Amino acid sequence: MKASLTGLLILLGVVAFGQKKADKEEWKQLFNGKNLDGWDVKIRGYALNENFGNTFRVENGSMVVRYDAYDDFKQQYGHIFYKGDFSYYRVAVEYRFVGEQAPKGEGWAWRNSGIMVHGQPAETMGLKQDFPASIEVQLLGGNDKKRTTCNLCTPGTNVVIDGKLITQHCINSTSQTYNGDQWVRAEVLVLGDSLIQHFANGEKVLEYNKPQIGGGNVSGHDPALLVNGKLLEHGSISLQSESHPVEFRKVELLELKGCMDPKAKNYKSYFVKSDNSTCEYKRRRRK
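Oh and the sequence shown: position 263 is 263 in full-length UniProt numbering, straight run, nothing missing.
Put into structure tokens, the structure is as follows:
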């Protein structure tokens, strides 16, 4: 009994030591709550950063998608891209659907938006391209029936689940249904081409790996840019405009790639991918 108790105390001591050494997660706010600085807009049929009808805008501290300038949606799907390229990270948004769908929006697009990860750069999209080749974390609002969120859709891509290549365009998650205009936190863990996990309000609801180019469900693109079977190790992050008003009150990112040398001042214990070219060291004082 005494030996067991001693072992338990040692174990608790190790855990406590580990917790003490853990670094506080440094989430970067991608949306500053004031304007769209740091973001690029691409709407089908319009040039890069031609924000037709002020579709993407800021209202009351939230990034919102609005359609008051649309008489006919005309499949003018849009995306707003955060500038940069990302590979190992967590990205989270707090979103809600509000109001009425844009005139003549597709039925499937009712209370429908998404977080696009491992996407192609905004500047490589064709003028009439509908969706960036990417992995879509589909966000859906409830309709008083079972309607999950944080699903998977694959515009121009495929993934592997349980060792099997999945070519089906959309796969439902195991999330709850969120009706009305309640805020929901959607989070995505992205580890290069090795693992992607979806979370809805903190609950893991979907997991897969080996995201890769392939399949259809993208039009208006340059085929030369999409090589079937090419694994996606990195890419853009964007949010969708698919015809239903949606609001994002928070968009944040936690980098998981960086300096993994404990001697460096910018070392983080939660990094999972090493990039020691970013390490910063304290200068030694001259005697």
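Glycine is no exception: its CB is placed at the ideal position from the N, C-alpha and C atoms.
Here the structure is a predicted model, which is why all the values come from computation and not from measurement.
Sequence-distant residues of the same chain with beta carbon closer than 6 Å to residue i, five excluded per side
i: Tyr67; result: Ala102
i: Val190; result: Tyr89, Val117 and Ile196
i: Thr167; result: Asn158 and Gly215
i: Val14; result: Confidence at Val14 is low in this model, with a pLDDT of 40, below 50, so the placement of that residue should be treated as unreliable; the coordinate-derived value is given next. Nothing meets the Cβ criterion.
i: Val218; result: Phe131, Ala133, Pro155 and Gly156
i: Glu255; result: Tyr89
i: Phe81; result: Asp40, Ala122, Ser236 and Ser238
i: Asn228; result: Ile213 and Gly214
Contact set for residue i: own chain, Cβ-Cβ below 8 Å, skip 5 residues either direction
i: Gly126; result: Gly220, His221 and Asp222
i: Ala47; result: Leu127
i: Gln182; result: Arg96
i: Glu50; result: Val41 and Ile43
i: Gly202; result: Arg185 and Glu187
i: Phe17; result: Unreliable positioning characterises Phe17 in this predicted model, as indicated by a pLDDT of 39, which lies under 50. A coordinate reading is not provided.
i: Gln75; result: Arg44, Glu106 and Asp130
i: Lys83; result: Gly38, Trp39 and Asp40
Per DSSP, the bridge partner or partners of residue i
i: Ala92; result: Glu187 and Glu252
i: Asp40; result: Phe81
i: Lys257; result: Lys273
i: Asn209; result: Val160
i: Met63; result: Val58 and Phe248
i: Thr148; result: Thr177
i: Gly119; result: Ser236
i: Glu203; result: Ala200
i: Lys28; result: Leu253
i: Phe86; result: Gly235
i: Leu165; result: Val160
i: Cys170; result: Cys153
CB contact flag (residue i, residue j, <7 Å)
i: His244; j: Arg96; result: no
i: Ile213; j: Val117; result: no
i: Val91; j: Leu253; result: yes
i: Gly119; j: Gly235; result: yes
i: Asp193; j: Leu165; result: no
i: Ala122; j: Lys42; result: yes
i: Val272; j: Val188; result: no
i: Ala22; j: Ser277; result: no
i: Gly105; j: Phe56; result: no
i: Gly114; j: Gln240; result: yes
i: Leu225; j: Thr124; result: yes
i: Gly53; j: Ala69; result: yes
i: Glu207; j: Tyr77; result: no
Endpoints, the beta strand (DSSP E) within which residue i is located
i: Ser241; result: Gly235 to Ser241
i: His198; result: Leu195 to Ala200
i: Arg111; result: Careful: Arg111 lies outside any beta strand (DSSP E) and carries neither H nor E.
i: Arg57; result: Phe56 to Glu59
i: Leu139; result: Ile135 to Leu140
7 Å Cβ cutoff, residue i in contact with chain C
i: Ala264; result: The chain inventory of the structure shown lacks chain C, comprising one protein chain alone.
Own chain, CB closer than 7 Å to residue i, minus 5 neighbours either side, in chain order
i: Cys279; result: Cys259, Asp261, Ala264 and Asn266
i: Lys210; result: Val159, Val160, Asp193 and Leu231
i: Ser274; result: Met260
i: Lys282; result: Lys265
Quick one: any contact between the segment 166 to 181 and the segment 144 to 153, if contact means 3 or more CB pairs under 8 Å?
yes
Using a Cβ distance threshold of 8 Å, determine whether the segment 56 to 73 contacts the segment 231 to 250, with at least three qualifying pairs required.
yes
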